[in-house]
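For the sequence shown, counting from 1, position 81 maps to 81 in UniProt numbering; every step adds exactly one. Idealized CB from N, CA, C, for every residue including glycine. Please read all numbers here as calculations on a predicted model, not as lab measurements. Encoded as structure tokens, the structure appears first; notes follow it.
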Amino acid sequence: MTAQLDINQLLDELETALRHVLEERGVESPALIGIRTGGVWLADALGKRLGMEEPCGELDISFYRDDFSRIGLNPKVKPSSLPFDTEGRDIILIDDVIMSGRTIRAAMNEIFDYGRPASIILATLIDLGARELPVQPDAVGRALSLESHQRVKLRGPDPLRIELLETGQ
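Structure below.
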């Protein structure tokens, strides 16, 4: 069984929260970086909503994962692409779903290999709250609590949609 959540409402909530954080921190010219794949789709959507003209960066964190040696390499690994200098920049790091915090840790490690940003603002569409690391998003579309038999999945990019999946119990 699959249920859909309203992607436009979630994007509206994320955009509002992100604009608030940017204003609160006085950030005027951030660079957007999406974590492949869903984070890249969201970065593109948010970049348009925020009126940003600079292209978004894309991270593939496969080599930075702390479980890389255990799970092996994803066959769809593509190189990361940051079409701007991260040194001294305010970065908005975007992922579709945050759960343990391990993906975000890997993404920040990779960003710092490119240069030391002035700040990193973490934005996520869905926060599942099951942290293993002390990583918290600054802007969230929605916090969800899922049952053990439920999963959430962003599909896209066109049309962009989010699904709540029911798996076997």
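In whole angstroms, what separates the C-alpha of residue i from that of residue j?
i: T103; j: I61; result: 7 Å
i: L93; j: G34; result: 6 Å
i: A106; j: L122; result: 13 Å
i: G168; j: H149; result: 6 Å
i: E54; j: A31; result: 7 Å
i: K153; j: Y114; result: 29 Å
i: L133; j: D85; result: 28 Å
i: R49; j: E15; result: 8 Å
i: D138; j: V27; result: 13 Å
i: S145; j: R151; result: 10 Å
i: R155; j: I162; result: 6 Å
Under a Cβ-count criterion, where at least 16 other Cβ atoms within 10 Å of its own Cβ denotes burial, should residue i be classed as buried or exposed?
i: I71; result: Note on I71: pLDDT 49, under 50, position unreliable in the model; the coordinate value appears next. Looking at its Cβ environment, which holds fewer than 16 other Cβ atoms inside 10 Å, I71 is exposed.
i: R19; result: exposed
i: G39; result: buried
i: A118; result: exposed
Looking only at its chain, what residues have a beta carbon closer than 7 Å to the beta carbon of residue i, apart from the 5 residues adjacent to it on each side?
i: A143; result: D127 and G129
i: Q9; result: none
Note the first and the last residue of the continuous beta strand (DSSP E) segment covering residue i.
i: K153; result: Q150 to R155
i: G129; result: That residue, G129, is in no beta strand (DSSP E); it is neither H nor E in DSSP.
Under 8 Å Cβ to Cβ from residue i, same chain only, skipping five residues before and after it: list those, please.
i: M108; result: L93 and I120
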